[in-house]
Amino acid sequence: MIIEIVTLGKIPREVLVELSRRLEKTYAPHIKSCAIGASLEIPPAAYNPSRKQYDADLILERVLHRITGEHRVLVLLDVDLYTSSRDLNFIFGQAQSPGRVALVSLHRLNPPFYGKPPDPELFLARATKEAVHELGHTFGLKHCTDPSCVMCFSNSILDVDKKKSTFCKTCRRKLHRQTTFTIRVWR
Ligand SMILES: [Zn+2]
Ligand SMILES: [Zn+2]
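Under the numbering used here, read the sequence shown as residues 50 to 236, first letter to last.
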């Protein structure tokens with residue numbers, strides 16, 4: 050299986066290269082590679098002027114319509130996201146679970162958002178955690194109660210910084226089960 054990173058809007062190339070390298074490492078041996086794919090425009094209809102945020106569900110739906118093939122898609126964008134399906138001020142990301150598309154916003158992962166100096170390593174570590182997390186949902190993984198597990202739900206940036214970028218033993222086992230079952234169709 051291949052993960053394709055699709056960007057909506059401008060994301061620095063070096064962030065994409067390093068993130069794909071880290072995703073390959075974390076998801077080995079379940080994925081073959083993580084490729085940097087298309088760069089698309091953010092659908093203007095996704096912007097909600099009263100919230101000053103973008104509708105993650107609408108973006109997910111639009112991307113889903115555009116993709117072909119069997120690979121998994123990680124959509125990266127730099128705008129603030131919300132979902133109408135849950136009562137939250139914002140979300141770091143959203144995914145089909147199980148499914149093919151995961152969405153991660155880098156907007157609130159960058160230290161300057163919190164008035165802190167730029168820190169490329171911290172920024173990348175956060176992006177990796179959220180990407181691993183949302184992709185985990187596409188493999189059918191649910192939220193984990195282990196606060197250090199990457200599948201633990203993050204309500205704030207403190208939660209993101211607290212958890213690791215890797216799966217706990219239970220989630221790793223579940224991931225293994227989800228990715229090794231093959232469906233055979235007998236004719
Ligand atoms: Zn989640
Ligand atoms: Zn876990």
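We put the CB at the ideal spot given by N, CA and C, even for glycine.
Since this is a predicted model, take the numbers as computed values, not measurements.
Inspect the beta-carbon positions of residue i and residue j and report whether they are closer than 8 Å.
i           : j           : result
residue 122 : residue 53  : yes
residue 171 : residue 160 : yes
residue 189 : residue 143 : no
residue 112 : residue 55  : yes
residue 125 : residue 60  : yes
Distance, Cα to Cα, residue i vs residue j?
i           : j           : result
residue 90  : residue 57  : 5 Å
residue 218 : residue 72  : 18 Å
residue 80  : residue 184 : 11 Å
residue 117 : residue 214 : 29 Å
residue 152 : residue 145 : 9 Å
residue 212 : residue 199 : 6 Å
residue 136 : residue 66  : 34 Å
residue 85  : residue 149 : 16 Å
residue 70  : residue 50  : 15 Å
residue 132 : residue 107 : 9 Å
residue 74  : residue 222 : 17 Å
residue 220 : residue 82  : 21 Å
residue 201 : residue 77  : 20 Å
Cutting at 8 Å between CB atoms, please list the residues of its own chain near residue i, excluding the five before and the five after it.
i           : result
residue 209 : 141, 158, 175, 178, 179 and 203
Starting from the C-beta of residue i, find all residues in its chain whose C-beta is less than 7 Å away, skip the five residues before and the five after it, and write them out in chain order.
i           : result
residue 166 : 160
residue 88  : 56
residue 95  : 103, 104, 107 and 108
Under the assumption that residue i contacts residue j (Cβ atoms under 8 Å), give the Cβ distance between them as a whole number of angstroms.
i           : j           : result
residue 129 : residue 156 : 5 Å
residue 102 : residue 139 : 7 Å
What does a CB cutoff of less than 6 Å around residue i pick up in its chain, not counting 5 residues either side in sequence?
i           : result
residue 186 : 144 and 146
Could you name the residues whose beta carbon sits closer than 6 Å to any heavy atom belonging to ligand 1, keeping them in chain order? 182, 186, 192 and 202
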